[in-house]
Amino acid sequence: MSRPPGGNGAGRDDVVNALVSPHGWLRDNGLQRSKLSLPQILTHIGFRQRGDYVHHLRKSISSKYADGMFPQITVDGTVHNITATREELESLCEKLEAKAKLCSRRLDWLTTGSRKLFGVIQEKSVTLVLDVGCSATRAQQKLGKQALCKVICEQVSQMDCFNIMSSGIQGVSRWQEKAVKSTEANLSSAMDWLLAHECEPSTGRSTAEVLLNAMGDVMIEAVYLFVVGDLVDDVAGVLRGRLKRNVCPVHTVSFNGKTGKGIQALRDLSNLTAGRIHEFAQMEYLEHVACDSPDRSNGHLDLSKFEPIGGMSQGSKVREDVYQVWREMREALKTRNQIKRILVELLPQRLELESESQRALPEDCLSSKEWLNRFGLKAQKLRVHEALADCAFPHSDGVVGVKCRPLDETIQTDAETCKKLINAKYCTSFVHMRWKDGSVVHVYVTDGKCRKYEEQMNRALINMNKRLEWLKSGSRELFGTIVEDQVYLLIDTSEAMRDFLDVVKEKVFQLMQDQLSKKQKVNVVAFGTRVTLWKNRLVEVSSETLASACRWVNELQAGGTKNTLGALGQALADEGTQAVYLLTDGQPDQPPGVILEQVRGWSPVPVHTISFNCDDHEANSFLYELSQWTGGRFHSYYANVKDFSDLFGICKDRESDDLQLLMAEIDQGRADLETVRRLRAECIILDTFHQKTNTTQRTGSTQQLHSTQGVTGIQLKSARHAAQTTSSMLRLLSSSEQIHSKAPLRCPEGPGQEWLLPESLALFQTNADRQMQVLQSFGLVSSDTEQKKERKKQEDPLDIPTAQWLKTNSLVARRLTLLDALSPTAIVHHAKYVPMLDKHVHSKVFNEIMPLAHIGGKGLTLINPLAVDLEKYKCNVQDVLKTYERRLDLIVWRGLTQEEREKFGNEAVAFSNHREAMLEALEGLKWPVAREDLDLLEKEIHKGQSFLQQASDLQLAARQMSRAAQDVNNSRVERGLSKNQSEAPKMPLDCLRGQRVVARSDADGFYYPGTVRKRLPGKRVKIDFTSGESEVISLACLLTVGGSGPCPPLVEGDFVLVATRREVAGDRFVPGIILVTPCHHEALDKLFTILKYNNKKIHRLRSKIIKISQTRYWVTCKNLQQIQQSRNIKTTEALINQSVPENPPSEMKQ
């Protein structure tokens, strides 16, 4: 027997023919794994519009901030805003289409071959058990053997090990005692044994015995029972008492089972062992295949064409694996259709003005205008305003009323209100520029933004320069780019062209070789006094026709005048003409106005004009107007001159349109690049200035010390803010061009600043001054103060008078007095005079937190030493005192002579330790040092020491205050313990309060929407229904809705609560069962069909349905039935009472 070709799955996709369970296959290849389910896609392509029910409004509200900004779509009653582009949605459609095709291939694979007969073997080690029922004929037995051989070829061959057994009256027949590996030899041997085996009818006991033997093999993961015909006996009942606790599953396969009893016995057996069942019923027995002798070639049976015709048996369910894959395919197609609907309805395709041929044109067939529309600065969003849109914000200013002194105080004493324009405070921290709408904006260009923009702009400029050089080469230098496919070429052969006709012929030959050879149709016209055509109409382009045209052009002779109108008439009379290229060197014979009027009346065909060696301004103007009126382009060319500006200078009417557009775009790009670089440099300079200012205010260091160390520190800090070197960026701004560009800003009266208000101009002038200060500090701009600063650096600080030095270095100047340290927490306390008491009184509000006060010249100041770091203050004061003592020692030591110094050991000593001796020595030397300097320094030192003593005293007082406050708090805590213990425990947090719910009313048993007011003891809550009524409901009769609750999919047979509309009080939810779900193939079908509890049908959307459990459904129905019965009883009693009189006759009483 030979194995059928492809039986091993050769040539098929490994993903499609994987022998795994449907759940495992969908887990690896389904929509959820690829994030292509509808909820996942909606999260990716947009965001959900938020909404909720507001109880006091009694209606649902949703967010409106995105109205009109995004396309919207409603899915299952929820609105989603779509933010994805059309390309992203098209990509999702392609992925969903691919998933649907993959599922379709999986379905085809599952329903063909051995999978159709046997299902899919999901284990790696199995035993196949062949069982022949009593009703199976020999033909059926033979078909069953062949089907089992097909299973061995296609599926068992991919497993690790297997075995084959057969049951019969005589006992158990085995191919092997134990399972063996799935080798080629073993597979062939197993099929030979199977075909040669004589099958016997089985009984329930024999089938149970063979199954127990098969499950006894420890290597086996599952047993597949292949039953041919009907299984009459109850095998499950026989096995039920003999099975162990842990058994391998038994999967049953019914082959041509006809009776329901036999199929039910197989189902019971599968349920007993947690296995699966597969049913196959043959529609045609194929007696010629079963009865004929098998075709054996080389001793093997060919099973490649064995494919029984049949399917599921009558009354059986759909295969689970087939159904799950089909459902996944249907979901993929449904999701794809919804995405396509979004594309069609919400994101319609933009209309393209160009035709398909124009859109498909390559770059060498585009004019400069079309090329710039694709690859220009605007197309790449490289214009300075578009590039800086994400880092620009508007300048903020406004008019306020300022009180000022009146002009004539003798007439008016009240202050006058003057209108004044003020600018926002942050405006001084950012650079400004003029926006495209004329307004003032601030920008902050980061290093990454500047670098990225430079890279993009440099690439764009390189491409435009390449395009410019390409346009100046070959035939494009004269004729430009030929963009149409059917063109007329008009050549001026008048007497004025005699000297240059050879040059024109050479360029025409080059044009035919470079550009016209790629076109569809062409014709050439020569015009002098008479108009001569190469052909009467446009001719198809080929090598022969171009060679003929070249020969015709080569024979042209110059002479006569310029019949330009006649040549244009011949070209425009051809209906196939798409464009005309007119080459001439001067004024036409006819008046230019006449030609323009005539051309305007003809067909609207663009006329591209080429000015050849034309110095006549009127002629060039005529050609330019002719090209503009007809939608063409103007070109100019000068023979033997590379750049016509060398002779005539650049003039507007002599520039070619293609070159002019490109050069203007290049200039614009360079200007935008310089603007971004300048703005980046200004940002660095302002950052450096503000950082220097903040550092100065924070440290309180002197300007003298900053002059030696501050520049280096600032330079290093600014370098961290700017990835580019500070020197290169600052030199960019301080270069000659940038200084000239900033000149109008530094001169408010200069031109170019009319768009700025005077107040804003003054503010920006301050920023410019700050930038200049930073440039001068880096030595990038020369200033008059440079020499003064150098002289100051060379001067010895000891030569500066102490009085002058203390102006910037005293304790007051350094803000190191004790009041300066306490100022952040100090409060000036003013006394208020009370006439009734005839005394001044102070408020006692701050007595507890500020018990200390300082009495000075300004009155009483409350202080809080606990809120100040006095230790840090003392360290700062001690450092400054060391500076004073060092200066005092150096001044005194420098004033002593060498003889006096030897008395102290020739080494500088502390003035405080030898004060009397040094003063006597200085007095003996007649005071070489000013006594005033020494007194000032000693006074400053004594002041600092007093501040240190006061700070220590305050620290001691603060510690005492802290201990006293702690004692008070402890006593308060002890007194409050008894009160806290007697307080009732706090109520737990009510998490249901305000929750939207659907609750069952005790009045009629139906569910109504409402809101939880509060939770009550005993698992009860108080509900405010939307109808306005309130009830106390048990928690068991309540369902939460809204928010982020689950919304499970609904299938046929699910138990639900469905909303029914009432005329007055809104929705009412009744129990029901899902009968029909919407058709997923139709986008408009969204209604579910529900059978209500009263056997009436209703159709509702998914948003009006709540899925419930079966228990809740039956409880609700039973409750409704009881309420209805009680109502009927009450109604009956009422009717009886109405029919019976109050005083019945005596006969009725008896």
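Heads up, the numbering used here is the position in the sequence shown plus 52, with the first residue counted as 1. Just so it is clear, CB atoms sit at the ideal spot from N, CA and C, and this is done for glycine as well. These numbers were taken from a predicted model, which means no experiment stands behind them.
field: Under the three-state DSSP convention, the category L914 falls into
entry: Of the three classes helix, strand and coil, the one that applies to L914 here is strand, per DSSP.
message: I'd like the span of the alpha helix (DSSP H) that includes A671, first residue to last.
response: H669 to T682 is the extent of the alpha helix (DSSP H) around A671.
message: Taking 6 Å as the limit between beta carbons, can you name the residues of its chain near S73, skipping five residues before and five after?
response: Contacts found: Q174.
Beta-bridge partners of F741, as assigned by DSSP: Bridge partners of F741: none, in fact.
query: First and last residue of the beta strand (DSSP E) that includes F307?
result: Segment V302 to F307, the beta strand (DSSP E) holding F307.
query: Is N1180 helix, strand or coil by DSSP?
result: Residue state, collapsed to three classes: helix.
- prompt: Between which two residues does the alpha helix (DSSP H) containing V708 stretch?
  reply: Per the sequence presented here, residue 708 reads as Ser, with Val not at that position. Per DSSP, S708 is not a residue of any alpha helix (DSSP H), being assigned neither H nor E.
- request: Quick one: which unbroken alpha helix (DSSP H) runs of 4-plus residues sit fully inside the stretch 997–1024? Chain order, please.
  value: The stretch 997–1024 contains no whole alpha helix (DSSP H) run of 4 or more residues.
beta-carbon P643 near the ligand SAM non-hydrogen atom, thresh 6 Å: Ligands in the displayed structure: none, and consequently the ligand SAM is not present.
message: Contact between the stretch 175–190 and the stretch 136–148 is defined here as three or more beta-carbon pairs at a separation below 8 Å; is this criterion met?
response: They do not touch, by the three-pair rule.
- request: Can you tell me which of the three DSSP states H437 falls into?
  value: In this structure, H437 counts as helix in the three-state DSSP scheme.
- request: Just grab the DSSP bridge partners of Y1059 for me.
  value: DSSP output for Y1059 lists R1052 and F1121 as bridge partner(s).
task: List the endpoints of the continuous alpha helix (DSSP H) containing V495.
output: In the DSSP assignment, V495 falls outside any alpha helix (DSSP H) and lies within the beta strand (DSSP E) extending over V492 to V495.
Boundaries (first-last residue) of the alpha helix (DSSP H) holding P74: Here the alpha helix (DSSP H) through P74 covers P74 to N81.
- prompt: Is it true that the stretch 578–587 meets the stretch 553–566, where meeting means three or more beta-carbon pairs spaced less than 8 Å apart?
  reply: With fewer than three CB-CB distances shorter than 8 Å, the stretch 578–587 does not count as touching the stretch 553–566.
- prompt: What whole-angstrom Cβ distance do K1144 and I1150 have, given they're in contact under 8 Å?
  reply: The beta-carbon separation of K1144 and I1150, rounded to 6 Å, stays under the 8 Å limit for a contact.
field: Check whether V436 and D667 have beta carbons under 7 Å apart
entry: D667 is positioned such that its CB atom lies no closer than 7 Å to that of V436.
message: Based on DSSP bridge pairs, tell me the residues matched to N18.
response: With the chain covering only 53 through 1202, there is no way to say anything about residue 18.
N-terminal and C-terminal residue of the beta strand (DSSP E) that T629 is part of: Segment: none, T629 is in no beta strand (DSSP E) and carries neither H nor E.
message: On a Cα-Cα basis, can you pick out the residue from Q680, R158, F332 and H132 that is closest to D66?
response: Of the listed residues, the one whose Cα sits closest to D66 is R158.
message: Does the stretch 593–610 come into contact with the stretch 523–532, if we say contact requires no fewer than three beta-carbon pairs (one atom in each stretch) closer than 8 Å?
response: Using a Cβ-Cβ distance cut-off of 8 Å, the stretch 593–610 and the stretch 523–532 are not in contact, since fewer than three pairs of beta carbons, one from each stretch, lie closer than that value.
query: To which residues of the same chain is K769 closer than 7 Å at the C-beta, ignoring the five residues directly before and after it?
result: Unreliable placement is indicated for K769, whose pLDDT of 39 sits below 50; no coordinate value is reported for it.
task: Measure from the alpha carbon of V932 to the alpha carbon of each residue in K1138, A960 and R867, then state which is nearest.
output: If we check each option's Cα against that of V932, R867 comes out closest.
- prompt: Rounded to a whole number of angstroms, what is the C-alpha to C-alpha distance between V944 and S862?
  reply: V944 and S862: Cα-Cα distance of roughly 19 Å.
Which residues DSSP lists as bridging Y276, in chain order: Y276 pairs with L180 and H303.
- prompt: Which term fits G63, buried or exposed, when burial requires 16 or more other beta carbons within 10 angstroms of its beta carbon?
  reply: Interpretation of G63 is limited by its pLDDT of 40, a score under 50 that renders its predicted location unreliable; the figure taken from the coordinates is listed afterwards. Classified as exposed, G63 has fewer than 16 neighbouring CB atoms from the shown chains inside 10 Å of its CB.
message: Taking the beta carbon of V1128 as the centre, do at least 16 other beta carbons fall within 10 Å, making it buried, or is it exposed?
response: By the Cβ-count criterion, V1128 is exposed, with fewer than 16 other Cβ atoms from all chains shown falling within 10 Å of its own Cβ.
query: Counting Cβ pairs, one atom from each stretch, are 3 or more of them under 8 Å apart for the stretch 219–235 and the stretch 256–263?
result: Yes: at least three Cβ pairs fall under 8 Å.
Residue range of the alpha helix (DSSP H) that includes L585: Where L585 is concerned, there is no enclosing alpha helix (DSSP H), although the beta strand (DSSP E) it sits in stretches over V583 to L585.
message: Does the contact criterion of 3 or more C-beta pairs under 8 Å hold for the stretch 148–166 versus the stretch 83–91?
response: Counting Cβ pairs under 8 Å, three or more are found: they touch.
task: Answer with buried or exposed for A1186, where buried requires no fewer than 16 other C-beta atoms within 10 angstroms of its C-beta.
output: Exposed, because fewer than 16 other Cβ atoms sit within 10 Å of the Cβ of A1186.
- prompt: Given R1164, which residues of its chain have a CB within under 6 Å of its CB, disregarding the five upstream and five downstream residues?
  reply: None.
- prompt: In this structure, does DSSP put T854 in helix, strand or coil?
  reply: Per DSSP, reduced to three states, the secondary structure at T854 is helical.
field: Among A1111, L989 and K955, the one whose alpha carbon lies nearest that of T854
entry: Nearest C-alpha to T854: L989.
task: Return the residue from the list K934, P253, R550 and Q228 that minimises the CA-CA distance to S241.
output: S241 has its Cα closest to that of Q228, out of K934, P253, R550 and Q228.
message: Which of the three DSSP states is assigned to S1155 in this structure?
response: The three-state reading of DSSP puts S1155 in helix, counting H, G and I together.
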